[in-house]
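I have placed the structure first, in the form of structure tokens, so that the comments after it can refer back to it.
Numbering (our numbering), first residue to last: 2 to 272.
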């Protein structure tokens, strides 16, 4: 399929991106224009025997907290501890002032903490199943209180969140494995948003997707925090290292707990 042609000297990065995705991408990292609220998640001196040590931070409603680190730095393992996949050896996790002890992911989900894993095809979705079934999976008991599958409720839930995330598919009955990487990621995010969490952890949410889908994910993250949701964003890239600006994170921390030298002051969205 022919798209465009021209002299190399005349093709800028912005034009190349526009030709790739079919539209202009003016801002990969949109500005988050909201005032953070009260502290929703507080982690104090969290440790693991082999993966991380002495992690402390606060996360408020309506803000994005960024963590970065290379593979093996402990970033994914830290998020697994926060979401009940593994247990820390010491330290404290407090959600809305209450000390939490998660023995399994279901405990964290019920409390209001959900995690979109890095491996979306292996851990985030059952890719052979349709979009609607994937989005409704965490809600089966609510959608089907009598143990009988209710297709209408499942469809309404899928339609709400798949439409909200602009999943591109011919039907919500389309298997997830037939979608692009970006749309698969949107389905996984939609599945967890449907649980109406207080904290959502996004582990490498833009890994392996095109720049158009990456911009859409960041735009949606901005919409989430503007609605008061607390977001943790995990990445193996330093903020802004891809050449498309800096995301509007309040904090950027390494997986070992140290703060990244950043911008802004100690107030508002930049600290």
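Positions of the beta carbon are idealized from the N, C-alpha and C atoms, including for glycine. This structure is a prediction, so every number in the text was calculated from the model and none was measured.
In this structure, does DSSP put residue i in helix, strand or coil?
| i | result |
| --- | --- |
| residue 63 | coil |
| residue 92 | strand |
| residue 146 | coil |
| residue 121 | helix |
| residue 201 | strand |
| residue 246 | Summary for residue 246: the model assigns pLDDT 45, below 50, so the residue's position carries little reliability, and this model does not support an answer. |
| residue 9 | helix |
| residue 131 | strand |
| residue 17 | helix |
| residue 210 | coil |
| residue 216 | helix |
| residue 4 | coil |
Under 8 Å by Cβ, that's how I've got residue i and residue j pegged, so tell me the actual separation to the nearest angstrom.
| i | j | result |
| --- | --- | --- |
| residue 133 | residue 155 | 5 Å |
| residue 91 | residue 106 | Rounded, the Cβ-Cβ distance is 21 Å, inconsistent with contact. |
| residue 1 | residue 185 | As shown, the chain starts at 2 and ends at 272. That puts residue 1 outside it, with no answer to give. |
| residue 96 | residue 112 | 6 Å |
| residue 165 | residue 131 | Contact doesn't hold; Cβ gap of about 18 Å is too wide. |
| residue 218 | residue 188 | No, residue 218 and residue 188 are not in contact; Cβ-Cβ is about 12 Å, not under 8 Å. |
Looking at the strands, I want to know which residues DSSP matches up with residue i.
| i | result |
| --- | --- |
| residue 168 | Residue 168 pairs with nothing; no bridge assigned. |
| residue 44 | 58, 94 |
| residue 176 | 131 |
Exposed or buried, what is residue i when buried is set at 16 or more other beta-carbons lying within 10 Å of its beta-carbon?
| i | result |
| --- | --- |
| residue 242 | In this prediction, residue 242 scores a pLDDT of 44, lower than 50, which makes its location untrustworthy; no coordinate-derived value is stated. |
| residue 149 | exposed |
| residue 72 | exposed |
| residue 38 | exposed |
| residue 9 | exposed |
| residue 76 | buried |
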